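Sequential numbering of the sequence shown, starting at 0, is according to numbering that gives the first Met the number 0.
Using N, Cα and C, we set each Cβ at its ideal position, and we do this for glycine too.
It should be emphasised that the depicted structure is a prediction, and the values quoted were computed from it without experimental measurement.
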Amino acid sequence: MAKLCEIDTADIPGGGQLRLLQRNDEFSIRIAGKPGELMNTRLHGSEDALAELACERVYAHPNVRVLVGGLGMGFTLAAALATLGAEAEVVVAELVPGVVEWNRGPLGAAAGYPIRDSRCHILVEDVAEVIARSEEGFDAIMLDVDNGPEGLTQRDNDRLYSARGLESIQRALRPDGVLAVWSAGMDPGFSERLKRAGLCVEEHMVRAHRPGKGARHTIWLAW
């Protein structure tokens with residue numbers, strides 16, 4: 000089997016670098032200088048589930064508007080668009096400009112180029128900043144940022160998952176809105192933090208690859 004070959008890199012604001020690798024129609028995104036990979040186009044079942052679990056709760060809301068934190072390979076965005084109706088608006092906040100460009104190029108084909116959908120609006124900025132200025136702005140907020148609450152690349156992500164960050168998220172949600180958070184692994188401490196914030200919490204264990212294959216990932220729903 001041919002090896003994955005690096006085809007581009009993208010600087011992470013604040014430090015660090017992402018690597019985009021390709022083997023035929025398979026793509027992988029990794030952190031330069033660290034083992035393993037952040038995501039792969041062959042393993043996106045849990046990214047799909049993040050959007051499906053959240054959007055199924057709000058798709059009937061009038062003038063539904065949702066926020067996706069982290070574009071990644073576009074699979075969460077694609078699943079949100081597939082679940083929501085024609086009048087929905089899906090805002091995506093992506094910190095790394097290069098990731099947006101990758102999704103406009105050959106990588107975008109893996110998810111069906113969802114950023115071309117007229118219901119989608121891309122913001123190249125920190126999702127925490129979008130949340131902070133969006134009082135009652137969204138019916139659902141879906142966070143696939145870094146590697147979950149523990150994080151790998153950005154210490155600043157603590158301000159999303161801390162008690163203060165959760166307060167900001169609650170202000171940004173509309174009545175009957177829902178927060179959905181993706182994580183590579185379990186984190187009982189984060190579950191407790193959500194509950195201390197006064198939120199009802201569901202934990203869903205989902206597989207990286209469908210049907211029922213691959214690593215187990217965690218998705219929290221909180222409302």
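Contact under 8 Å by Cβ, residue i with residue j
{"i": "L66", "j": "V98", "result": "no"}
{"i": "D143", "j": "G71", "result": "yes"}
{"i": "V200", "j": "S45", "result": "no"}
{"i": "L224", "j": "I218", "result": "With the chain running from 0 to 222 in the structure shown, residue 224 is simply not present."}
{"i": "F137", "j": "L106", "result": "no"}
{"i": "R158", "j": "G164", "result": "yes"}
{"i": "A109", "j": "T8", "result": "no"}
{"i": "E93", "j": "I121", "result": "yes"}
{"i": "G147", "j": "G184", "result": "yes"}
{"i": "M74", "j": "D47", "result": "Correcting the residue identity first, residue 74 is Phe in this sequence and not Met. In this structure, D47 lies closer than 8 Å to F74 by Cβ."}
Anticipated Cβ contact below 8 Å, residue i with residue j, distance rounded
{"i": "A207", "j": "A179", "result": "With a Cβ gap of about 17 Å, A207 and A179 do not count as contacting."}
{"i": "V177", "j": "A53", "result": "6 Å"}
{"i": "V95", "j": "L17", "result": "6 Å"}
{"i": "N223", "j": "E86", "result": "This structure gives no information on residue 223, because the portion of the chain shown stretches from 0 to 222."}
{"i": "R224", "j": "E88", "result": "Since the first residue shown for the chain is 0 and the last is 222, residue 224 is missing from the structure and cannot be characterised."}
{"i": "H203", "j": "S182", "result": "Not a contact, Cβ separation roughly 11 Å."}
{"i": "G68", "j": "V126", "result": "4 Å"}
Chain-order list of residues whose beta-carbon lies under 8 Å from that of residue i (same chain, five-residue window excluded)
{"i": "C4", "result": "L20, Q21, R22"}
{"i": "L80", "result": "A87, V89, P113, D116, R118, C119"}
{"i": "I6", "result": "L19, L20, Q21"}
{"i": "A1", "result": "R22, N23"}
{"i": "R56", "result": "A139, V177, L220, W222"}
{"i": "G35", "result": "R29"}
{"i": "S229", "result": "Any question about residue 229 goes unanswered here, given that the chain covers just 0 to 222."}
Residue(s) in a DSSP beta bridge with residue i
{"i": "Q16", "result": "D10"}
{"i": "N39", "result": "S27, L42"}
{"i": "W219", "result": "V180, E202"}
{"i": "A139", "result": "V65, V177"}
{"i": "Q21", "result": "C4, F26"}
Residues near residue i by beta carbon distance below 6 Å, same chain, minus five either side
{"i": "A214", "result": "A207"}
{"i": "E134", "result": "R170"}
{"i": "S167", "result": "I130, A131"}
{"i": "W222", "result": "V177, C199"}
Sequence-distant residues of its chain with Cβ nearer than 7 Å to residue i (five each side left out)
{"i": "E51", "result": "A78, T82"}
{"i": "K212", "result": "R206"}
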